[in-house]
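Position 35 (the sequence shown) corresponds to 35 in full-length UniProt numbering; numbering is contiguous.
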Amino acid sequence: MVIPVYNEQESLPELIRRTTTACESLGKEYEILLIDDGSSDNSAHMLVEASQAENSILCLFANRNYGQHSAIMAGFSHVTGDLIITLDADLQNPPEEIPRLVAKADEGYDVVGTVRQNRQDSWFRKPLRR
């Protein structure tokens, strides 16, 4: 798992809990790589605590905000598994979909994706996503 994080202290506990539960349900070895992209809130500290509590959680820290794409690419260069799944830290994509993505990849697909439905964007973001 590669998950970029930027000022997500409110969603991190639930993100980590739900992502860990979904990965454990697979019965396979996994790692969750959380990349803090220069957060100004308590996210970085929370990631350190999570990685100390759980061996499967790893963290990278950027010294400033480089953007989601750069954070994901940094994650790609550090993961060790054969299958990489990206997830947004804001929980717009439910971690509970991870087993379905892995099942499709196990069928032999090189790339597996999802389409979000019933997005929960703020009033500010709705016009920007069209």
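Yeah, the Cβ is synthetic: ideal placement off N, Cα and C, and Gly gets one too. Note that this is a predicted model, so its numbers are computed, not measured.
Of the choices the options, whose alpha-carbon is the least far from that of residue i?
i           : options              : result
D36         : C23, N55, V2, V115   : V2
residue 133 : P95, I85, D90        : Nothing in the structure corresponds to residue 133, since the chain is present only between 1 and 130.
H45         : V5, K28, G27         : V5
V115        : P94, G108, P99, Y109 : P94
In whole angstroms, what is the alpha-carbon distance linking residue i and residue j?
i    : j    : result
A22  : N65  : 28 Å
L47  : K104 : 29 Å
L58  : Q92  : 22 Å
S70  : G27  : 30 Å
R130 : E29  : Residue confidence for R130 is low, a pLDDT of 49 falling below 50, so the modelled location carries little weight and cannot support an answer.
G14  : G108 : Residue 14 is actually Glu in this sequence, not Gly. Their Cα atoms are separated by approximately 31 Å.
G38  : G67  : 9 Å
G113 : I32  : 18 Å
S77  : S56  : 17 Å
S43  : D106 : 33 Å
Q52  : L34  : 13 Å
Measure how close the beta-carbons of residue i and residue j come, nearest whole angstrom, since I'm counting them as under 8 Å.
i   : j    : result
I74 : L60  : Correcting the residue identity first, residue 74 is Ala in this sequence and not Ile. Contact flag correct, Cβ pair sits at about 6 Å.
A89 : E8   : 4 Å
T20 : E54  : 7 Å
R18 : E96  : 7 Å
L83 : V102 : 7 Å
S11 : P99  : Between P99 and S11 the Cβ distance is about 21 Å, and since that is not below 8 Å, they are no contact.
Let's see if you can read the secondary structure: which residues bound the alpha helix (DSSP H) around residue i?
i   : result
L34 : Careful: L34 lies outside any alpha helix (DSSP H), inside the beta strand (DSSP E) at 32 to 36.
Compute every distance between the C-beta of residue i and the non-hydrogen atoms of the ligand COA, then say whether any falls below 7 Å.
i  : result
V5 : Absence of the ligand COA from the depicted structure is noted, as is the absence of any ligand whatsoever, leaving it without description.
**Q.** Completely contained beta strand (DSSP E) runs for the UniProt domain "Glycosyltransferase 2-like" (2 to 128), where each covers 3 or more residues
**A.** Complete beta strand (DSSP E) runs here, min 3: 2 to 5, 32 to 36, 57 to 61.
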